[in-house]
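Numbering (numbering that gives the first Met the number 0), first residue to last: 0 to 501. What follows is a single structure, written as C-alpha cells, with notes after it.
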Amino acid sequence: MTNTSPRLEPSPLDQMDSVVSFMLPGVVAYVAWRTYSVLKWQQDAAYGKDKDTIRVTPLLWGDTILYTRNIDILRQVAGGGSNRTFIKPEWGSEGMMIFGRNLVSENLDDWRRHRRIMQPAFNTKTYDLVWQDTIKTYKDMVKTEAWPTTPGQSIDIPSIGRYTYKLGLYVIAAIGLGVRFDWATPPTPPGQKKGLHENIQTLEHFYILLIIFSKKLLNALPINACKQLMESYNSVKTFIQSEIHVRRDLVHQSMAQGDTENESLRLDVFTRLILSNEMEGKYPLSDPELIGSVYMLLLAGHDTTSATIIAACAQLAVHPDIQAKIYEEVQSLGDNWTFESYSKLRYTLQVFVEASRLYPAGFLALRSPLEDTVVRVPAANSTRQPSQLALPKDSAVCVDFIGVHYNPNVFPDPMRFNPSRWDGVGEDHFTTFSTGPRQCLGKKFAMTEGVAFLASLIKDYRIAPLLKAGETVEQWKDRSLNNIKMLLTLSIKDAPLVLTRR
Numbered sequence: 000m001t002n003t004s005p006r007l008e009p010s011p012l013d014q015m016d017s018v019v020s021f022m023l024p025g026v027v028a029y030v031a032w033r034t035y036s037v038l039k040w041q042q043d044a045a046y047g048k049d050k051d052t053i054r055v056t057p058l059l060w061g062d063t064i065l066y067t068r069n070i071d072i073l074r075q076v077a078g079g080g081s082n083r084t085f086i087k088p089e090w091g092s093e094g095m096m097i098f099g100r101n102l103v104s105e106n107l108d109d110w111r112r113h114r115r116i117m118q119p120a121f122n123t124k125t126y127d128l129v130w131q132d133t134i135k136t137y138k139d140m141v142k143t144e145a146w147p148t149t150p151g152q153s154i155d156i157p158s159i160g161r162y163t164y165k166l167g168l169y170v171i172a173a174i175g176l177g178v179r180f181d182w183a184t185p186p187t188p189p190g191q192k193k194g195l196h197e198n199i200q201t202l203e204h205f206y207i208l209l210i211i212f213s214k215k216l217l218n219a220l221p222i223n224a225c226k227q228l229m230e231s232y233n234s235v236k237t238f239i240q241s242e243i244h245v246r247r248d249l250v251h252q253s254m255a256q257g258d259t260e261n262e263s264l265r266l267d268v269f270t271r272l273i274l275s276n277e278m279e280g281k282y283p284l285s286d287p288e289l290i291g292s293v294y295m296l297l298l299a300g301h302d303t304t305s306a307t308i309i310a311a312c313a314q315l316a317v318h319p320d321i322q323a324k325i326y327e328e329v330q331s332l333g334d335n336w337t338f339e340s341y342s343k344l345r346y347t348l349q350v351f352v353e354a355s356r357l358y359p360a361g362f363l364a365l366r367s368p369l370e371d372t373v374v375r376v377p378a379a380n381s382t383r384q385p386s387q388l389a390l391p392k393d394s395a396v397c398v399d400f401i402g403v404h405y406n407p408n409v410f411p412d413p414m415r416f417n418p419s420r421w422d423g424v425g426e427d428h429f430t431t432f433s434t435g436p437r438q439c440l441g442k443k444f445a446m447t448e449g450v451a452f453l454a455s456l457i458k459d460y461r462i463a464p465l466l467k468a469g470e471t472v473e474q475w476k477d478r479s480l481n482n483i484k485m486l487l488t489l490s491i492k493d494a495p496l497v498l499t500r501r
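Okay, structure coming up:
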C-alpha cells in the first residue's frame with residue numbers, strides 16, 4: 000500500500016498529543032490496538048480522559064494522521080460524497096478497488112455518477128424482497144440443518160457465524176444478483192471448484208495480498224495461499240462478468256421493445272443497476288466499474304450485516320431480559336408477517352443498531368482536504384475549550400468509529416449493551432452507517448435483513464452461551480465478546496451458542 004500524500008509541514012497538527020505507531024503506514028497497528036484497548040475495558044488508553052482528537056505518527060513509514068473520535072468532526076469531514084473540501088485519499092481506498100472503481104472508492108463528480116446510477120436500485124420494493132427472502136432463507140436453514148422444532152429441545156451451535164455468513168450471502172445473491180439457491184445446495188458457478196461463498200471468504204481473508212502484490216506475481220508464486228487467492232479472484236470475476244452479460248442482454252431486449260417497466264427488470268438490484276446504467280446515456284459505468292460495484296455489493300451486502308448479526312446474537316445470549324423484550328415485540332405481530340411488520344419491530348432494530356455500535360463493521364473513515372482548510376474542534380469536556388484546527392492540503396484525517404462509538408461524551412456508559420439508547424433517535428443518526436450524503440447506500444437493506452433474522456430467531460428460540468467445561472458466563476464473555484477479527488471489516492470472530500426451542 001503506497002501513501003502518496005506529501006509529508007505534512009509543521010502545522011497545528013504538530014501541536015496535538017501524539018501516538019507513535021510502528022506499523023507501515025501506521026494506520027492498521029493503531030486501529031488494531033485501539034480496538035483491543037476499547038474491548039478490553041481501557042477505552043481511555045489511547046485518547047486519554049480529556050481528548051477526542053490526537054495525531055498518529057508512524058515510526059518507519061507514512062505520514063502523520065489526525066485521529067478523531069469527535070462526532071462533530073465526523074460530520075464535517077466524512078459526510079459529503081460530493082464534498083468539495085474533503086475526499087477519500089486514493090491510498091485509503093485501494094482495498095475497495097481490487098475488482099474496479101466503485102461508489103465506495105470514488106469522490107466528487109465520479110461519486111455522484113456512481114450514486115446516480117446505483118440509487119434507483121435501492122427502493123421499497125427491494126426492501127420488501129429482502130424481508131421476504133431473509134425469512135424464507137431462515138426457515139430453509141432451520142429445516143435443512145435440523146434445528147429443533149419441539150418446544151424445550153436444544154441444539155449446540157459452536158459457530159453461529161457459519162450460518163449468518165451463509166444466510167447473508169444467500170440473501171444478497173437472491174436480492175442483489177437475482178441468483179437463488181436452496182440451503183442444501185451451495186452456489187458453485189459452472190466449472191468452478193469452490194462455491195461462491197467460499198471464494199468470497201477467501202478474498203476477504205487474503206485481500207491485502209491483492210493490494211501489496213501484482214496479480215501476475217501472485218499467479219507465479221508457488222505458495223498455496225496465493226494460488227487459492229487467485230483461483231477465487233478469477234472465479235468471482237468470471238461469475239460477475241457472465242452475469243453482467245446476461246442482464247445486459249435482457250435489458251437491451253426490453254429497451255428495444257420499449258418496455259423498461261417490465262417486472263423481470265425489477266426483481267433484483269443487479270438488473271436494475273444494469274438498466275439504470277444502460278439508460279444513463281453519456282456517462283455510464285464501464286465494465287470494470289460495474290464489476291467493482293457488484294463485488295462491493297456482494298461484500299457489503301453480506302459481510303457487514305452478518306458480522307452485526309453475530310454480535311447481536313452474542314450480546315443477546317448474555318442479556319435474557321433484552322431477548323424477552325424482543326420476544327414480546329415479535330409476539331404482538333401475530334403469525335402473518337409482511338414488510339409492514341418491519342416498522343413495528345422498533346426495539347429489535349435498536350438491538351441490531353446497538354450491536355453495530357459496539358462492533359462497527361466499518362471501523363474507520365479516511366479523508367483528505369483538497370485545500371488548506373479549518374476544522375472546528377468542539378471541547379471534549381467541560382475542562383477544555385473549543386478550538387479550530389488548520390489542516391494543510393493533502394493531510395490525512397481518520398475518523399475512528401470505534402472511538403466515536405465508545406466516546407462517553409457521545410454515548411454515556413459506552414461499554415454497556417443498551418438498545419434503548421436509540422429510542423426516539425432517527426435513522427439518520429445511526430452513525431455506524433456514517434453520516435450525510437455519503438452514508439451507506441445499503442443501510443435500509445442491512446437493517447431490514449438484520450431485523451427479519453433476529454425477529455425470526457427470537458420468535459423460535461432462546462439463546463444462551465455455549466460454555467466449555469467449567470467455564471463461567473464471564474469467561475465466555477471474555478472469550479467471545481472480546482475476540483475480534485479485523486479484515487476489510489471488524490467483527491466478533493464467532494459466538495458459540497445454545498438454542499432452545501420455545
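Beta carbons: idealized from backbone N, C-alpha and C, even for Gly. Keep in mind the model is a prediction, meaning the values are calculated, not measured.
When beta bridges are read from the DSSP output, C225 appears opposite no residue.
In the structure shown, the three-state DSSP call for C397 is strand.
In the three-state DSSP reduction, V409 falls in the coil class, being neither helix nor strand. In the DSSP assignment, V373 falls within the beta strand (DSSP E) that extends over 372 to 376.
Judged by DSSP in its simplified three-state form, D155 adopts strand. Nearest in C-alpha terms to G177, of all of T149, F269, F432, S367, is F269. Contact check for I134 against A354 fails: the beta carbons are separated by 8 Å or more. The DSSP assignment places complete beta strand (DSSP E) segments of no fewer than 3 residues inside the stretch 49 to 109 at 52 to 57, 64 to 67, in order along the chain. T434 is a Cβ neighbour of A77, given a cutoff of 8 Å. Taking all protein chains in view, the Cβ of T201 is crowded by 16 or more other Cβ atoms within 10 Å, so the residue is classified as buried.
Burial check for H428: the Cβ neighbour count within 10 Å stays below 16, so the residue is exposed. In terms of Cβ geometry, T63 and T56 form a close pair [threshold 8 Å].
Rounded to the nearest angstrom, the gap between the Cα atoms of L344 and M295 is 28 Å.
K87 sits buried, since 16 or more C-beta atoms from the chains shown fall within 10 Å of its C-beta. In the displayed model, Y232 falls within a helix according to three-state DSSP. DSSP places L390 within a strand segment (E or B) once states are collapsed to three. In this model, N122 and N223 are separated by some 43 Å (Cα to Cα). Collapsing the DSSP output to three states places P319 in a helix. In this structure, S285 is the residue among V398, S285, R366 with its C-alpha nearest to the C-alpha of H113. Here DSSP, grouped into helix, strand and coil, assigns M446 to helix. Between I321 and P418, the CB-CB gap stays under 8 Å.
Buried is the label assigned to Y46, since at least 16 other Cβ atoms lie within 10 Å of its Cβ.
Judged by beta-carbon spacing, S305 lies beyond the 8 Å limit of G94, meaning their Cβ atoms are not closer than that value. Judged by DSSP secondary structure, A494 falls outside any beta strand (DSSP E); it is assigned neither H nor E. Non-local beta-carbon contacts of D493 in its own chain, meaning distances under 6 Å to residues more than five positions away in sequence, involve S158, G160 in chain order.
Taking C-beta atoms as the reference points, A364 and T303 fail to come closer than 8 Å.
Classified as buried, Q75 has 16 or more neighbouring CB atoms from the shown chains inside 10 Å of its CB. Taken through DSSP and simplified to helix, strand or coil, S331 comes out as coil. Exposure of T471 is indicated by the presence of fewer than 16 other C-beta atoms within 10 angstroms of its C-beta. The three-state reading of DSSP puts T148 in coil, since its state is none of H, G, I, E or B.
The stretch 209 to 223 and the stretch 93 to 112 touch, with no fewer than 3 CB-CB distances between them shorter than 8 Å.
In this model, L297 and A172 are separated by some 7 Å (Cα to Cα). DSSP, reduced to helix, strand and coil, places A255 within a helical segment of the structure shown. Sorting K192, T136, P221 by C-alpha distance to the C-alpha of A183 places T136 at the top.
Less than 8 Å divides the Cβ of L453 from the Cβ of I325. By the Cβ-count criterion, S331 is exposed, with fewer than 16 other Cβ atoms from all chains shown falling within 10 Å of its own Cβ.
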